[in-house]
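Residue numbers (the working numbering), protein chains in the order written: chain G, 1 to 351; chain Y, 1001 to 1351.
Cβ atoms here follow ideal geometry from the backbone N, Cα and C, with glycine treated the same way.
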DNA sequence: CCACATATGCTCGATAAGAGCATATTTAGC
DNA sequence: GCTAAATATGCTCTTATCGAGCATATGTGG
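See below:
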């Protein structure tokens, strides 16, 4: 390959600032897709906004709202994303942040050297769960339908011990063939760490690692579609979550990872809440995302003590007991300290 | 724009999986650049590997190793990056992770609708500081040369009170003109939070936010180059750090942010260390990156207590005092708990 | 009016973190 | 060789934080 960037040896020409890029051999057959994982919590269920492919077409799967990045029409990646989401679903995004850029060859159907390549730039958006009215298209679907093993709200999900653990163990047995002198972590160890097997603690943030492991082991339907070698014996296996189009499930997994991580150190839960809410509703929203149950009194102390909320003065009655005070988010905290999140520690794992 | 993705309304054609992307209007004039912020610590100085443009050419600036992504030659983004770095500098990368994808129009010289657009995918690599031998090109340069206000190792850097604070205050005075009914944070507040003004605590992780603020205020040389409106009165101002080519300084800022954050919760310091090291050397490396001085005894307790290291049995003499035990990284921790980092808390800010 | 459910305030003990004291072992200078 | 200085290392003490439980307040439904 060329070395033209080694400016010290070989001076770049006059128009120095741009020059290097223009001189390179560059492949124009790369498309750039913007993908949005739009997350909300509706009735204590964390949901993502998906668009359905035609149900009766073969291989129809859900997909995230997405569209190509057009540098002429879009000033920034994020504005391009917002415009696509608006067009496809009618939703106007609030909070949004970039997640990751995916480009693995082979992570799309019909791979091959001749196929044009696509890069997916994934975004995470947090919003309130507005009803299906207001949406021109798309629907809210629980993210646990795509990742049932992530739902620990009622204890350790059965699917892990029943469907995942035995298959991962089998996959780990026939090790990767390649000599493993490398410092790569052994398959069995990866499985144990990712899924909390053999007494290892469950880390709710490892959503992406878990999905990647299942994909690699040929246990995600997308692996079959992509023609991965290990996927041949797959057909008789139970579905491990709903598949999605292209690499969208991977993007959604990244979104869940990020959401679970960020909720702990930045006040992002409030993007998911209505203007006024009770502390218990707030707690339930956090639990919907993180899984385990939290200690109610300590949660109160934490949230109030951090100055994240202020009482509105009103109360919410008909809660089945003593009326709950209503609170609102104190936006001012963003101006104070480096605004903390809802720090919670996982309870002793109930496996 | 088109709505062809709304599959529920308008069925996608037969080859359903690929179809939507191919039908879109997609602009092929987008180049994809891979940029590497390669970080090491040499003699207690955090350094990045940069390639110098010809010194006597006009506007010559440092740049990060980079090259275009070529989907035919590169299986993944990361492998493409490794290959570019190897070609340009002779360095073989170890640890690498993706940082962010930048694409703002206007964040490059000669912007305009006719100019081709480039997307920069930034990567962070951590490595040992090998000598300049072994490098075919490029040099290690302290990252504090690009961001002098980030160097808190000898207390609060003077440049903040002398050069930055007054200019940011002036910039905040003539507010953004646009009516600020929006919940956007006021300029003065942003400056205060980013740079720890008026008694606000310094957050060493806000490296990117600080640089973005300086750019926006027209105080970064790149802003002048990009023809930003506020940059007109800039010429008589002192340089605030060395500028870099294109948006490379922004990528480096992101890399520093990520490094500072990650070192606290993942054992990534060890990527920067030789195989054997003393605890004091380890501490000095952490301090080079994070800035403030740490309490030596507690640092020992923390690192040893977390099981991150094990003694080799040897000692290092001629340290100027009692010989220090040598340690090595216990790679096994990666197989145990979700492997913690070197948790450190900032000492009371010495402002 | 009572049983019950939820909301909310407060305390207690375990643990981890910040800070300092004390001791060990070397090098440098006389 | 002896001593001062420098660094390494172990231990203790205090304080902040967190998990957990008890107690009380104030509604709803029968």
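Whole angstroms is fine: what's the gap from residue i's alpha carbon to residue j's?
i	j	result
residue 1203 of chain Y	residue 1128 of chain Y	26 Å
residue 314 of chain G	residue 276 of chain G	9 Å
residue 336 of chain G	residue 1135 of chain Y	45 Å
residue 333 of chain G	residue 1207 of chain Y	20 Å
residue 363 of chain G	residue 35 of chain G	Residue 363 of chain G cannot be examined here, being either before or after the span of chain G that is shown, 1 to 351.
residue 1155 of chain Y	residue 317 of chain G	54 Å
residue 258 of chain G	residue 99 of chain G	8 Å
residue 284 of chain G	residue 1278 of chain Y	47 Å
residue 1125 of chain Y	residue 1046 of chain Y	13 Å
residue 30 of chain G	residue 1071 of chain Y	7 Å
residue 330 of chain G	residue 261 of chain G	21 Å
residue 169 of chain G	residue 190 of chain G	11 Å
residue 1044 of chain Y	residue 210 of chain G	37 Å
residue 1051 of chain Y	residue 1077 of chain Y	21 Å
residue 288 of chain G	residue 1323 of chain Y	53 Å
residue 1263 of chain Y	residue 1299 of chain Y	14 Å
residue 1040 of chain Y	residue 1130 of chain Y	9 Å
residue 1238 of chain Y	residue 1272 of chain Y	33 Å
residue 217 of chain G	residue 1073 of chain Y	26 Å
Using a beta-carbon distance below 8 Å, is residue i in contact with chain Y?
i	result
residue 346 of chain G	Bear in mind that the predicted position of residue 346 of chain G carries a pLDDT of just 45, short of 50, making it unreliable; the figure below should be weighed with that in mind. No, no contact with chain Y.
residue 36 of chain G	no
residue 147 of chain G	no
residue 100 of chain G	yes
residue 43 of chain G	no
residue 247 of chain G	no
residue 160 of chain G	no
residue 270 of chain G	no
residue 23 of chain G	Because the pLDDT of residue 23 of chain G is 40, which lies under 50, any placement of that residue in the model is unreliable, and the number read from its coordinates should be weighed accordingly. It does not; no Cβ of chain Y falls within 8 Å.
residue 256 of chain G	no
residue 121 of chain G	yes
Tell me, to the nearest whole angstrom, how far the beta carbon of residue i is from that of residue j; I am working on the premise that it is less than 8 Å.
i	j	result
residue 49 of chain G	residue 138 of chain G	5 Å
residue 89 of chain G	residue 65 of chain G	6 Å
residue 1310 of chain Y	residue 1328 of chain Y	6 Å
residue 1254 of chain Y	residue 1122 of chain Y	6 Å
residue 33 of chain G	residue 118 of chain G	5 Å
residue 219 of chain G	residue 167 of chain G	6 Å
residue 38 of chain G	residue 91 of chain G	7 Å
residue 1249 of chain Y	residue 1222 of chain Y	6 Å
residue 1308 of chain Y	residue 1267 of chain Y	6 Å
residue 1251 of chain Y	residue 1120 of chain Y	6 Å
residue 244 of chain G	residue 104 of chain G	That pair is no contact at about 16 Å.
residue 42 of chain G	residue 140 of chain G	6 Å
residue 152 of chain G	residue 291 of chain G	4 Å
Identify every residue that forms a DSSP beta bridge with residue i.
i	result
residue 32 of chain G	G/119
residue 326 of chain G	G/278
residue 66 of chain G	G/35
residue 46 of chain G	G/41
residue 1096 of chain Y	Y/1125
residue 102 of chain G	G/120
residue 51 of chain G	G/63
Between residue i and chain G, is any beta-carbon pair separated by less than 8 Å?
i	result
residue 1135 of chain Y	no
residue 1211 of chain Y	no
residue 1103 of chain Y	yes
residue 1208 of chain Y	no
residue 1030 of chain Y	yes
residue 1334 of chain Y	yes
residue 1189 of chain Y	yes
residue 1157 of chain Y	no
residue 1185 of chain Y	yes
residue 1263 of chain Y	no
residue 1251 of chain Y	no
residue 1329 of chain Y	no
residue 1049 of chain Y	no
residue 1302 of chain Y	no
residue 1027 of chain Y	Model confidence at residue 1027 of chain Y stands at a pLDDT of 49, short of 50, so the residue's coordinates are unreliable and nothing is read from them.
Let me check you understand the geometry: is the CB of residue i closer than 7 Å to at least one non-hydrogen atom of the ligand SAH?
i	result
residue 279 of chain G	Among the components of this structure there are no ligands whatsoever, and the ligand SAH is therefore not found.
- Within the region 111-174 of chain G, note down every full beta strand (DSSP E) run reaching 3 residues or more, in order along the chain. DSSP assignment within the region 111-174 of chain G yields the following whole beta strand (DSSP E) runs of 3 residues or more, N-terminal first: 117-126, 139-142.
- Kindly provide the ranges of any alpha helix (DSSP H) runs that are 4 or more residues long and lie completely inside the region 1262-1324 of chain Y, ordered along the chain. 1279-1290, 1296-1305
- With a floor of 4 residues, list each alpha helix (DSSP H) that falls wholly inside the region 1239-1264 of chain Y, ordered by position along the chain. 1248-1262
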